[in-house]
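*Asks:* For the record, the sequence lines run as chains A and B.
So for the first sequence, our numbering puts the first residue at 5; every next one is plus one.
So for the second sequence, our numbering puts the first residue at 5; every next one is plus one.
Protein chains: 2
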Amino acid sequence: MDTPLDLTFSALADPTRRAILTMLLEDDMAVTDVADPFEMSLAAVSKHLRILTRAGLISQEKRGRVTWCKLEPDALKAASVWMQGFGQFEPVNLDDFERFLEATLKD
Amino acid sequence: MDTPLDLTFSALADPTRRAILTMLLEDDMAVTDVADPFEMSLAAVSKHLRILTRAGLISQEKRGRVTWCKLEPDALKAASVWMQGFGQFEPVNLDDFERFLEATLKD
DNA sequence: GCGTTTCTCAACCTTTCGGTTGAACATGGC
DNA sequence: GCCATGTTCAACCGAAAGGTTGAGAAACGC
């Protein structure tokens, strides 16, 4: 039996899935467009999206042929609460986060 | 190539390892004592501890026969920063966290 | 020295993960 | 109606995860 915390953290454990979440920060995207930058099959990305959906980190809505993917940031809250118990992290401001993203996207 | 974020999130993905971290919130512990509440072999717990150590979430120091395990909360910081980018979570107070822990430990 | 305690290593097993490919299935354009 | 588009499904594959057991290596008690 996978708890919500299991689902969230194992979803976040894969770099492809974290990259997808980062892309969805910008805007909602169709599955095909999500898959575009990755050097793997569409089916593989589709599987990643299903895992993110089961974890509640994104939602998928089908309009016509296109399935739109939308970030659901609230799902990170439980995990974030859990983590903050270990050390009382001060909240991080957006500037720090932007710099962090820039640095990590270089790889 | 496992990035620090990969190591942290996949370490946190396992409920046994999260339980170990919670136990270590109280105090440093010897490997045998960490293993005691779990219904699995000592070797299995030893493996979990190695994974937590690789992720930097704990440190292990050998004194005599006994290997002491110590929580290293700073390692959660990078992951916490990453997560806080998705929704600007307000800081959580300790009372909320205590209640959350109580609730999760019931399972 | 000798047995006990503490912990890890090595080999093995089963299940899950992350990917592939090819087929299937709606939907939309014309 | 027909073909192209967008997405998932099903079967498969190799590798990694999470557990077991048995053996072994240090350190301690006496």
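Glycine is no exception: its CB is placed at the ideal position from the N, C-alpha and C atoms.
In the DSSP assignment, what residue or residues form a beta bridge with I62(A)?
*Replies:* L75(A)
*Asks:* Does the segment 33-40 of chain B touch the segment 25-33 of chain A, meaning 3 or more C-beta pairs lie closer than 8 Å?
*Replies:* In this structure the segment 25-33 of chain A does not touch the segment 33-40 of chain B; the number of beta carbon pairs closer than 8 Å is below three.
*Asks:* Taking Cβ to Cβ, would you say G60(A) is nearer than 8 Å to E43(A)?
*Replies:* no
*Asks:* Tell me, which residues are paired with V49(B) by DSSP?
*Replies:* Paired residue(s): none; V49(B) is not in a bridge.
*Asks:* Under 8 Å between the Cβ atoms of S84(B) and M5(A)?
*Replies:* no
*Asks:* Hey, how far is the Cα of A17(B) from the Cα of I55(B)?
*Replies:* 11 Å
*Asks:* Count the other CB atoms within 10 Å of the CB of L29(A); is the residue buried (16 or more) or exposed (fewer)?
*Replies:* exposed
*Asks:* Around the C-beta of A47(A), are 16 or more other C-beta atoms found within 10 angstroms, so that it is buried, or is it exposed?
*Replies:* exposed
*Asks:* Please list the partners that Q64(B) has in chain A, where partner means a Cβ-to-Cβ separation under 7 Å.
*Replies:* The contact set of Q64(B) on chain A, defined by CB atoms closer than 7 Å, is empty, because the minimum CB distance reaches about 17 Å.
*Asks:* Would you report the Cα separation of W72(B) and D40(A), rounded to the nearest angstrom?
*Replies:* 47 Å
*Asks:* Residues in its own chain within less than 8 Å of K81(A) by CB, not counting five upstream and five downstream?
*Replies:* none
*Asks:* Residues of chain B with a CB under 9 Å from the CB of S14(A): which are they?
*Replies:* F13, S14, L16, A17, D18
*Asks:* By the 10 Å Cβ neighbour count, where 16 or more other Cβ atoms means buried, how is G68(A) classified, buried or exposed?
*Replies:* Burial call: exposed.
*Asks:* Does L80(A) come within less than 8 Å of chain B when only Cβ atoms are used?
*Replies:* yes
*Asks:* Please state whether DSSP places R21(B) in a helix, a strand or coil.
*Replies:* helix
*Asks:* Work out the CA separation of S45(B) and L11(B) for me, nearest whole Å.
*Replies:* 23 Å
*Asks:* Short check: CB of I62(B) to CB of K51(B), under 8 Å?
*Replies:* no
*Asks:* Does any residue of chain B bring its CB to less than 8 Å from the CB of P22(A)?
*Replies:* Note that residue 22(A) is Arg in the sequence shown, not Pro. Yes, its Cβ sits closer than 8 Å to a Cβ of chain B.
*Asks:* Can you tell which of P8(A), F90(A), D78(A) has the C-alpha that lies nearest to the C-alpha of G89(B)?
*Replies:* Residue nearest to G89(B) within the set P8(A), F90(A), D78(A) is D78(A) (criterion: CA-CA distance).
*Asks:* What residue does the alpha helix (DSSP H) around D10(B) start on, and which one ends it?
*Replies:* DSSP places D10(B) inside the alpha helix (DSSP H), whose first and last residues are 8-16.
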